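All remarks here apply to the structure that follows.
In the working numbering, the protein residues as written are 37 to 1121.
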């Protein structure tokens, strides 16, 4: 069927019609175009058809309705054909056209050709100022247009764009008609001429000016490109004024680094619903958190809504927080509860914000307190909004990647995150790598690999979710440094940890070595301890053992713990070791009594070792008796329930422990204690210790009591304050008067020089009149070590240096149980992930100062903070050019000489509305390297006189390859978080069980909806303990009626807010917002 209509279907496109008209009508010399929507890239497509056409007129409509509406909203006069407004609208649309065009050489040449044609006046260009033009008309006429020499006219729906022309892979469906009659062409020409006479001319210089406002402006220097990168990366942080935070109470200093932390934390809180405030110990996190909480209070609907804030703290910090909140006049809005009182929060919806101090205490997701806290944090507010969560901790990472992951899950979901990837998938990979590192025999190689692993964690997770600065960061920043000097704040230098060695006499060394072999005894020889009492699950007969998941593993873990505890007590003091041996003997006697009574109690979920080591056997037995009535995991067995070897092993160990005790009772001197007394006057010498005050820490209460008795016999008897959990509160004022540098001078006293304490004083107290920390026994826990040093390394410390002394265990103990290797791995995890100012345990540690403002491992290398200061300084020195560079459009590019990266291209891209960012280094051999911001900024950094070079031939395909890679990552991340969710076998079991319950005939619509939400939250990995509770129930439903099972499931679900926690589910994001765009690019020639 022959028709004059066409729809862009198949080959019947507008472009092909235009091509046919021009090819078969060579006399056409006039081409008029009336469109409401114009793309210069569309013009480029038809440009080859216009080589022999001398007169081209293009009339473009503008969105009159929108312009008029905007002017009315601003209270301006109605838009009625205003020339200035028309040209401005054209200018805006033309710039958008260029900026949104495809980034390739062909499209760019087309745009430039269009601009050149306008400048040469091959094209006359006008914009209609007052009519809403929806018509699309293309008129073709010869010079001697008449009835006998007519032309053509096309009208319909197609705009002059690639989609309208039908040249895209997926063209628009259009409806157009081609007319040949003279009357039709004349009518169209008359209408066009009338509209043309009303149009506003777009002058060539206007088009050239518009071009200069786009990425096609070639006048951008490499230095301006570097500055543009910094502006786009740091955003609002550049223009933040620390002085904008007002109303600091009397006695508080307005320190710029703290005000910047407030701004940065506030941004993270808005974007991610939570963040870590992790400045190193002693930099004022309490004040920073209070200022952020206050800002939230006044920006969360005040005064109509009075936000409620829940503050969760260790008991030791309560008074300090109460004082701070009162001074900042926020105490009425904040409810304070201690870590152990979470169960008292009956309605979590009441709170809009949760602040957790010492948040690292909630790093273990198997603890009941973690479950309680997660339920509080993820229960939405009364107006159904996600809570804001601030996690305060200088040490959020103890040693395992799980430490961070579990804390992040207090405000994120494992498979539904505000980050642009699946946290569950990422940490699953990281945890596997970490387990492999722990198996390495070489401590230095383990530390090296840990550093690399935590570098990745820092870039992916820590940087976007954590505010963290070290003292070295602050002193390396000129603005901060000047501000600290202005406020008379001096940071002391922390010297490398100094080892204190003690020698063992030959007979003692022989006993020491023999004891280690007996305790460790990996071959289970009868010459050593078999630890049978702790392998009870292993010895159960097969049918009974099946009741316990991984029974042998649990037994071996318990044995490993008990071995380590015994050896650590040896390291602490011989006195502590002897006391521990007594307790182990008493514990074995208890087991022997149970064997004699033919009633052997097994309780795998109770920390039996803790009771034994603290001399609480009586309390343990009472607990076991009570728990056995209600806890199905506590079971009483008979001797017949165990395999051969169990009873004999318990008896063997009892005799071996008695022999060890007998051998050690003959040791009356401890060379470690002797060395301590020798060193004590040196620790207090005024040469390095101006206040002559020291803090001595030990893990063991037995060792503390032993040292206390030892000091009583010295000249320091009356100068020593012994602090433990039972007397800390009573001694609070005395501690402050003698060791807190921040109290008023008139209140300071010098009655005591020495504090001897367990870790009850490792947090929540200022002890910085002392500048020396002595770790009598190393706790093998990086968190505790850092917290200890943080007691003396605080704002207000007057000494120039901080000293740390560690009493080293022998090489033998290190070789046998690898404690030093484990300590190094833990500390290296901290250094590589978070950055620390100083080595804490061993001089072998590598340190770096990066945190949130730094991207590199080594302290001497560049950090993020200097780049932020670079752009801030530029803004202060040249605000006009700063504004000009800030207003440069996206896609700006350039090239410089660089032999290392020759023929490569650096690309900075991100998703819409300043979402996720990526940096890619496209190499000449087509390899693509993911770069960090630091690597990018270092490569771009140059001097103002650096010259621009022409782009090389591979620039465009390399940039497009980077965008393709980014798009692929986005799509994979969306699939990971919506379809291919990272689910463990336990997750899948829980989901399968919940689905089976959903299909029960007795469930109603409301119950099915709750079950459906619980399934979704399990898939999202929102609540780890929801999965555990469901699976625990699923294992014990045999013989229970389905209706009762349903009731129990709903009861479990009822504990959790199972509605979606992350409000904007990634699956529902606008596709445009996830489309990557070019920010800047730079090629190398």
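Heads up, the beta-carbon is just placed ideally off N, CA and C, and yes, glycines get one too. Owing to the predicted nature of the structure, the values given are computational and were not obtained by experimental measurement.
Just curious, the alpha helix (DSSP H) that residue i is in, first and last residue?
| i | result |
| --- | --- |
| residue 331 | 321–335 |
| residue 920 | 915–922 |
| residue 631 | 610–632 |
| residue 266 | 258–270 |
| residue 1033 | 1021–1034 |
Can you check which of these residues, the options, is closest to residue i by C-alpha distance?
| i | options | result |
| --- | --- | --- |
| residue 836 | 767, 811, 804, 449 | 804 |
| residue 402 | 1065, 1118, 1119 | 1065 |
| residue 584 | 1115, 671, 268, 281 | 671 |
| residue 209 | 47, 568, 510, 786 | 47 |
| residue 43 | 776, 65, 190 | 190 |
| residue 236 | 730, 1042, 93, 970 | 93 |
| residue 800 | 830, 747, 565, 781 | 830 |
| residue 227 | 68, 331, 365 | 68 |
| residue 1117 | 155, 148, 256, 158 | 256 |
| residue 141 | 132, 122, 80 | 80 |
| residue 1095 | 954, 443, 420, 1009 | 420 |
| residue 408 | 467, 348, 450 | 348 |
| residue 1113 | 955, 1009, 1062, 445 | 955 |
| residue 352 | 798, 617, 1002 | 798 |
| residue 396 | 477, 776, 820, 40 | 820 |
For residue i, list the residues DSSP reports as bridge partners.
| i | result |
| --- | --- |
| residue 341 | According to DSSP, which records beta bridges pairwise, residue 341 is partnered with nothing at all. |
| residue 389 | 345, 424 |
| residue 946 | 953, 1113 |
| residue 212 | 42 |
| residue 64 | 178 |
| residue 449 | 452 |
| residue 164 | 97 |
| residue 371 | 346 |
| residue 48 | 45 |
| residue 673 | 636 |
| residue 958 | 941, 964 |
| residue 196 | 74 |
On the DSSP letters alone, give me the boundaries of the beta strand (DSSP E) that residue i sits inside.
| i | result |
| --- | --- |
| residue 837 | 837–843 |
| residue 583 | From DSSP, residue 583 is part of no beta strand (DSSP E); its letter is neither H nor E. |
| residue 967 | 964–967 |
| residue 746 | Element bounds for residue 746: not the beta strand (DSSP E) but the alpha helix (DSSP H), 737–748. |
| residue 36 | Past the edges of the chain, shown from 37 to 1121, lies residue 36, and the structure says nothing about it. |
| residue 791 | 790–793 |
| residue 190 | 188–192 |
| residue 23 | This structure cannot speak to residue 23, because the chain is shown only from 37 to 1121. |
| residue 316 | Run containing residue 316: none; DSSP gives neither H nor E here. |
| residue 489 | No beta strand (DSSP E) holds residue 489; the alpha helix (DSSP H) holding it covers 479–493. |
Check residue i in the structure and name its three-state DSSP category.
| i | result |
| --- | --- |
| residue 567 | coil |
| residue 175 | strand |
| residue 678 | strand |
| residue 523 | coil |
| residue 576 | strand |
| residue 72 | coil |
| residue 733 | strand |
| residue 1120 | strand |
| residue 540 | coil |
| residue 926 | coil |
| residue 594 | helix |
| residue 828 | coil |
| residue 409 | helix |
| residue 433 | coil |
Apart from the five residues on each side of it in sequence, which residues of its chain come closer than 8 Å, Cβ to Cβ, to residue i?
| i | result |
| --- | --- |
| residue 52 | 202 |
| residue 517 | 510, 511 |
Excluding the 5 residues flanking residue i on each side, which residues of the same chain have their C-beta closer than 6 Å to its C-beta?
| i | result |
| --- | --- |
| residue 243 | 151, 154 |
| residue 666 | Reliability of the predicted coordinates at residue 666 is poor, the pLDDT of 45 falling under 50, and no value is obtained from them. |
Cβ of residue i within 7 Å of any heavy atom in the ligand HEM?
| i | result |
| --- | --- |
| residue 417 | Of the ligands one can find in the structure shown there are none, so the ligand HEM has no counterpart to examine. |
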